[in-house]
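Structure first, then comments.
There are 2 protein chains.
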Amino acid sequence: MSPVLQSETLTRSVEDYLKAIYQLSPEGRPASTSEIAHLLALSAPSVTGMVKRLSEHGLLEHIPYRGVQLTEEGRRAALRMVRRHRLIEAYLVEFLGYSWDTVHAEAERLEHAVSDTMIERMAAALGNPAVDPHGDPIPEADGSIHELVGRALTEIPIGETVEIHRVHESQPERLRYIASLGLRPGVRVTVVDRQPFDDLVTIDVGGMRHVIGRELGHVLQCVQAEDA
Amino acid sequence: MSPVLQSETLTRSVEDYLKAIYQLSPEGRPASTSEIAHLLALSAPSVTGMVKRLSEHGLLEHIPYRGVQLTEEGRRAALRMVRRHRLIEAYLVEFLGYSWDTVHAEAERLEHAVSDTMIERMAAALGNPAVDPHGDPIPEADGSIHELVGRALTEIPIGETVEIHRVHESQPERLRYIASLGLRPGVRVTVVDRQPFDDLVTIDVGGMRHVIGRELGHVLQCVQAEDA
DNA sequence: CAACAGTCTTAGGCCAACCTAAAACTGCGG
DNA sequence: CCGCAGTTTTAGGTTGGCCTAAGACTGTTG
Numbered sequence: 085m086s087p088v089l090q091s092e093t094l095t096r097s098v099e100d101y102l103k104a105i106y107q108l109s110p111e112g113r114p115a116s117t118s119e120i121a122h123l124l125a126l127s128a129p130s131v132t133g134m135v136k137r138l139s140e141h142g143l144l145e146h147i148p149y150r151g152v153q154l155t156e157e158g159r160r161a162a163l164r165m166v167r168r169h170r171l172i173e174a175y176l177v178e179f180l181g182y183s184w185d186t187v188h189a190e191a192e193r194l195e196h197a198v199s200d201t202m203i204e205r206m207a208a209a210l211g212n213p214a215v216d217p218h219g220d221p222i223p224e225a226d227g228s229i230h231e232l233v234g235r236a237l238t239e240i241p242i243g244e245t246v247e248i249h250r251v252h253e254s255q256p257e258r259l260r261y262i263a264s265l266g267l268r269p270g271v272r273v274t275v276v277d278r279q280p281f282d283d284l285v286t287i288d289v290g291g292m293r294h295v296i297g298r299e300l301g302h303v304l305q306c307v308q309a310e311d312a
Numbered sequence: 085m086s087p088v089l090q091s092e093t094l095t096r097s098v099e100d101y102l103k104a105i106y107q108l109s110p111e112g113r114p115a116s117t118s119e120i121a122h123l124l125a126l127s128a129p130s131v132t133g134m135v136k137r138l139s140e141h142g143l144l145e146h147i148p149y150r151g152v153q154l155t156e157e158g159r160r161a162a163l164r165m166v167r168r169h170r171l172i173e174a175y176l177v178e179f180l181g182y183s184w185d186t187v188h189a190e191a192e193r194l195e196h197a198v199s200d201t202m203i204e205r206m207a208a209a210l211g212n213p214a215v216d217p218h219g220d221p222i223p224e225a226d227g228s229i230h231e232l233v234g235r236a237l238t239e240i241p242i243g244e245t246v247e248i249h250r251v252h253e254s255q256p257e258r259l260r261y262i263a264s265l266g267l268r269p270g271v272r273v274t275v276v277d278r279q280p281f282d283d284l285v286t287i288d289v290g291g292m293r294h295v296i297g298r299e300l301g302h303v304l305q306c307v308q309a310e311d312a
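Heads up: the sequence lines are chains F and A, in that order. With our numbering, the residue at position 168 of the first sequence is 252, and numbering never jumps. With our numbering, the residue at position 202 of the second sequence is 286, and numbering never jumps.
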């Protein structure tokens, strides 16, 4: 119908908005103007303005004062950016010596500049990985994504051993701290104690004990450990 | 003095202008408004406007109706972009399966998006090459550049055997044609005939004979063949 | 159910980069 | 040395993307 945005016509800004809205609500629940503004570090009126334009272009639906939801077209464009971002992160870690705490900013710029061809070559060089260095699933080129739902570390009962499967965080300082505790996707962790309030969890990571607070606990997504 | 552009403050546009001006005149001779406009596919008034701003920022000197020259600061910024561009081209060819005729457009976008850190890692992965896939010299990180001056193919006398050392062309179709003749940096060529006018040159490339016209002849830069 | 806090939108501006149309300059040829 | 072609600049306008200030809405609460 609309001959708009045949893939390459989206501006950087538009790509950022779509990705942000997707990240605020992968399930499609409406995202609020202020959430978007906060995530993109912009003023609320800027968001309102852009949202209006994007909804005119059919990339999202906006109910004034109620929030925005991606249309199918908007969701596809957003997932394309997520795929790019995560593949770039994986590539930089694998081939250019980046650590997972430094890779985000670089990917944030590259995701807008790289061609589809280059993305697919990077994917091929990596062996078409399913997840990025943080354990986040990489959407397929066709737009499908397989979210492996784990449990937050804060929900694991005492005595249980789990495997960290995803570290849902992008701030370098936090990632560096997490890494300093020996925590990263694939690592096995045993919950040895829990506080009744504030979701404080004491864990054992390869013999070392650490106390994890609520925020970090939510960032660390776990799955059942595979073998004893 | 001016706290402007501490490296990362240049916009894409500004980077493009500086690189274009450098390319129009690496030696520093003034470049004209219309040359710049043509190279960047912009209107002349757009160039005048930008040139005025850039000269206010000390990146170039503009004598109205006479042309522009890069200042030392502008030249440094331009060489930085040239380094980025050529290293990116080399990296894409070496590690991501690009051919030299497809690599230019990709590099043109990436050169604005990649961090200095990433550029240096790419350089290291390549073993700090001195030239890119077209044989163009890659400026050093400190801003020095070593242009190996060759002779245009049109200037080689009959009977002489030379080595192609640089193919100074960026249009994919032309590069594809050149490659189809077996011509690329490092290839040895013997001049077997020359026409008195139009600079037509007949060459022998590994047993195949081709006639090269003036334009292509200038694109192909040659050096003395190393050994018989 | 009125008032208020908080959120969202409208109004009005700004800046970078582009454009076209018109005016100004340069340098050459008669 | 005047005029004219070609080049360059000025004038004025557009668009995307951002901003602050001010007004409109919503939902909660006394």
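A virtual CB, placed ideally from N, CA and C, is assigned to each residue, including glycine.
Spatial neighbours of residue i within its chain, please: CB distance less than 6 angstroms, with the 5 preceding and 5 following residues excluded, ordered by chain position.
i, result
"D288(A)", "T274, V276"
"L138(F)", "L144"
For residue i, write down the residues that DSSP places opposite it in a beta bridge.
i, result
"L144(F)", "L154(F)"
"P221(F)", "V215(F)"
"A115(F)", "V152(F)"
"T274(F)", "T245(F), D288(F)"
"A236(F)", "Q305(F)"
Applying the 10 Å Cβ sphere with the 16-neighbour rule, what's the burial state of residue i?
i, result
"Y182(F)", "buried"
"T93(A)", "exposed"
"T117(A)", "buried"
"E310(A)", "exposed"
"E253(A)", "buried"
"H218(F)", "buried"
"G297(F)", "exposed"
"G151(A)", "buried"
"M202(F)", "buried"
"I172(F)", "buried"
"L194(A)", "buried"
"L232(A)", "exposed"
"M292(A)", "exposed"
"G211(A)", "exposed"
Is residue i helix, strand or coil by DSSP?
i, result
"V187(F)", "helix"
"H302(A)", "helix"
"T245(F)", "strand"
"D226(A)", "coil"
"I296(F)", "strand"
"V251(A)", "strand"
"R268(A)", "coil"
"A309(A)", "coil"
"A174(F)", "helix"
"A125(F)", "coil"
"Q90(A)", "Note that Q90(A) scores a pLDDT of 42, beneath 50, so its modelled location is shaky; the value from the coordinates is reported in the next line. Reduced to three states, the DSSP call for Q90(A) is coil."
"Y182(A)", "coil"
"T95(F)", "coil"
"V256(A)", "The sequence given here places Pro at residue 256(A); Val does not occur at that position. Reduced to three states, the DSSP call for P256(A) is helix."
"T107(F)", "The sequence given here has Gln at residue 107(F), not Thr. Looking at Q107(F) - three-state DSSP - the assignment turns out to be helix."
"S199(A)", "coil"
"E192(A)", "helix"
"L210(F)", "coil"
Using a Cβ-Cβ cut-off of 8 angstroms, state whether residue i counts as contacting chain F.
i, result
"S139(A)", "no"
"L210(A)", "no"
"R205(A)", "yes"
"T93(A)", "no"
"M202(A)", "yes"
"L232(A)", "no"
"L180(A)", "yes"
Compare the C-beta of residue i against all C-beta atoms of chain A and say whether one is closer than 8 angstroms.
i, result
"V198(F)", "yes"
"L194(F)", "yes"
"M165(F)", "no"
"E33(F)", "Outside the displayed range of chain F (85 to 312) lies residue 33(F), so it cannot be described from this structure."
"L89(F)", "Confidence at L89(F) is low in this model, with a pLDDT of 39, below 50, so the placement of that residue is unreliable and no value is reported for it."
In chain order, what residues of the same chain have a beta carbon less than 7 angstroms from the beta carbon of residue i, not counting five sequence neighbours either side?
i, result
"E264(F)", "Residue identity check: residue 264(F) is Ser in the sequence provided, not Glu. Taken in chain order, the list of residues that qualify is empty."
"G234(F)", "H249, R250, Q305, C306, V307"
"P223(F)", "L163, V166, R167, I229"
"T186(A)", "P256"
"P213(A)", "A174, I222"
"G290(F)", "G266"
"E157(F)", "G142, L143"
Quick one: what's got a C-beta closer than 8 angstroms to residue i's C-beta in the same chain, skipping five residues either side?
i, result
"K136(A)", "H146"
"I262(F)", "V251, E253, R268, L300, V303, L304"
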